[in-house]
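Structure first, then comments.
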Amino acid sequence: MGNKYIYIWKKRILTPFVFIACVILLFSFARSFDGHLTACRGTDVFISPLSYVGYIEGGFKGFCADVFYIKGVLSITDELKDKAVRLRRIQDNFAAALLLDNRLIQAYFFAGIVCGRTQNDLEQAIVFLKKYRVLNPLEWKIPYWIGFNYLQMGDYLSALQWYETAAALPGAPAFLKSNQAMLYYKAGIVSPGIVYLEGLLKTVKDEKQLEWITLKLTWLKNIVFLEQKAAEFKETTGRYPQQLAELVEKGLIPAVPEDPFGSGYYFEKGSGRVKSRLGVSR
Numbered sequence: 190m191g192n193k194y195i196y197i198w199k200k201r202i203l204t205p206f207v208f209i210a211c212v213i214l215l216f217s218f219a220r221s222f223d224g225h226l227t228a229c230r231g232t233d234v235f236i237s238p239l240s241y242v243g244y245i246e247g248g249f250k251g252f253c254a255d256v257f258y259i260k261g262v263l264s265i266t267d268e269l270k271d272k273a274v275r276l277r278r279i280q281d282n283f284a285a286a287l288l289l290d291n292r293l294i295q296a297y298f299f300a301g302i303v304c305g306r307t308q309n310d311l312e313q314a315i316v317f318l319k320k321y322r323v324l325n326p327l328e329w330k331i332p333y334w335i336g337f338n339y340l341q342m343g344d345y346l347s348a349l350q351w352y353e354t355a356a357a358l359p360g361a362p363a364f365l366k367s368n369q370a371m372l373y374y375k376a377g378i379v380s381p382g383i384v385y386l387e388g389l390l391k392t393v394k395d396e397k398q399l400e401w402i403t404l405k406l407t408w409l410k411n412i413v414f415l416e417q418k419a420a421e422f423k424e425t426t427g428r429y430p431q432q433l434a435e436l437v438e439k440g441l442i443p444a445v446p447e448d449p450f451g452s453g454y455y456f457e458k459g460s461g462r463v464k465s466r467l468g469v470s471r
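Numbered according to the numbering used here, the sequence shown terminates at residue 471, and the numbering increases by one at each position without gaps.
Right, here's the structure in full:
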């Protein structure tokens with residue numbers, strides 16, 4: 190029989206009994222590690238795994254990476270008095286997991302997306318994703334998640350920049366390229382969005398994508414056209430139009446263009462911009 194262990198089949202696969210035992214042990218070990226967090230008269234104390242993860246070597250790396258990953262997942266449901274400690278605990282566990290095994294891509298998702306609740310959480314999530322992105326520089330999901338956090342914060346220009354970074358990486362879905370037009374719109378820089386889409390049209394061959402991009406291009410061009418006419422209206426009347434219908438009444442346009450994405454264009458008095466009633470049914 191040689192030196193073959195009794196729990197290994199000929200194909201070197203663990204028997205179901207041992208596999209289940211290992212899973213139970215892993216969860217038990219992860220829970221026991223939670224001794225790092227103790228309640229000291231209402232104060233949450235946390236010893237970061239990053240202070241000792243560098244000492245883990247050899248075959249223990251994979252096992253410990255799974256332990257820290259599971260600890261991170263379990264920590265998300267914890268309700269601590271000190272929210273900063275809670276967030277640090279979650280992110281440090283996932284960071285330790287990534288340092289030991291950078292293939293755990295979902296660790297980025299949990300630490301950078303799931304645990305974000307407040308403005309500060311989102312800011313710290315972005316810091317985490319940027320810091321540990323160096324472990325997986327070609328993974329498109331990471332800059333996409335960074336951009337998504339900026340989008341939630343209302344920083345459309347930063348979101349646009351990170352979406353562009355994600356779209357250029359291997360395996361990135363096509364929507365990351367075409368959806369950038371919406372970010373140009375939200376950022377209030379419509380003209381560069383038109384230039385971007387016109388360039389994108391030259392690189393896309395899929396008919397459905399071409400149709401979608403062309404529709405977005407028309408949508409943005411309508412906005413630029415209406416803003417130009419609103420500026421002409423102001424030159425002659427000394428004020429912006431209250432409604433876009435006034436442009437028709439003045440003979441500046443034959444009709445207000447149809448809005449392909451919402452229930453119609455409108456002029457926003459405060460910003461002096463033409464906008465679309467997105468997400469409103471006709």
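Beta carbons: idealized from backbone N, C-alpha and C, even for Gly.
| Would you call L409 buried or exposed, if buried means 16 or more other Cβ atoms sit within 10 Å of its Cβ? | buried
| said: Using the Cβ count rule (16 or more neighbours within 10 Å means buried), how would you classify N411? | reply: By the neighbour-count definition (other C-beta atoms within 10 Å, threshold 16), N411 is a buried residue.
| Helix, strand or coil at E396 [DSSP, three-state] | helix
| Roughly how many whole angstroms lie between the Cα atoms of Y454 and P430? | 13 Å
| the stretch 284–301 contacting the stretch 332–341, beta-carbon criterion three pairs below 8 Å | yes
| field | Beta-ladder partner(s) of L467, from DSSP | value | G451
| Candidates F422, L399 and I331: closest to L441 by CA position | F422
| Backbone secondary structure at R428 - three-state DSSP | coil
| task | Could you give the DSSP three-state label for R292: helix, strand or coil? | result | coil
| Looking only at its own chain, which residues have a Cβ that is under 7 Å from the Cβ of G162, when we skip the five neighbours before and after it? | The requested residue 162 does not occur in the structure, where the chain is confined to residues 190 to 471.
| query | How big is the Cα-Cα spacing for I383 and V393? | reply | Their backbone Cα atoms lie some 15 Å apart in a straight line.
| A434 versus Y385: straight-line alpha-carbon distance, rounded | 30 Å
| request: Compare the C-alpha of Q369 against each of P359, A355 and G360 and name the closest. | output: Considering only alpha carbons, the answer is A355.
| V242, DSSP secondary structure in three states | helix
| request: Find out if the Cβ-Cβ distance for the pair D267, R278 is shorter than 9 Å. | output: In this structure, R278 lies closer than 9 Å to D267 by Cβ.
| Within this structure, are the beta carbons of A419 and F456 separated by less than 9 Å? | Going by C-beta atoms, A419 is nearer than 9 Å to F456.
| query | Around the C-beta of P238, are 16 or more other C-beta atoms found within 10 angstroms, so that it is buried, or is it exposed? | reply | buried
| said: Within a Cβ cutoff of 8 Å, which residues of the same chain sit near V445, ignoring the five residues on either side of it in sequence? | reply: L415, L433, A434, L436, V437, G453 and Y454
| field | Paired residues, beta bridge with R462 - DSSP | value | E457
| Buried or exposed (CB count within 10 angstroms, at least 16 for buried), S264 | buried
| query | Do you know how far the Cα of I331 is from the Cα of F252? | reply | 24 Å
| query | Going by other Cβ atoms of all chains shown within 10 Å of its Cβ, with 16 needed for buried, is A357 buried or exposed? | reply | exposed
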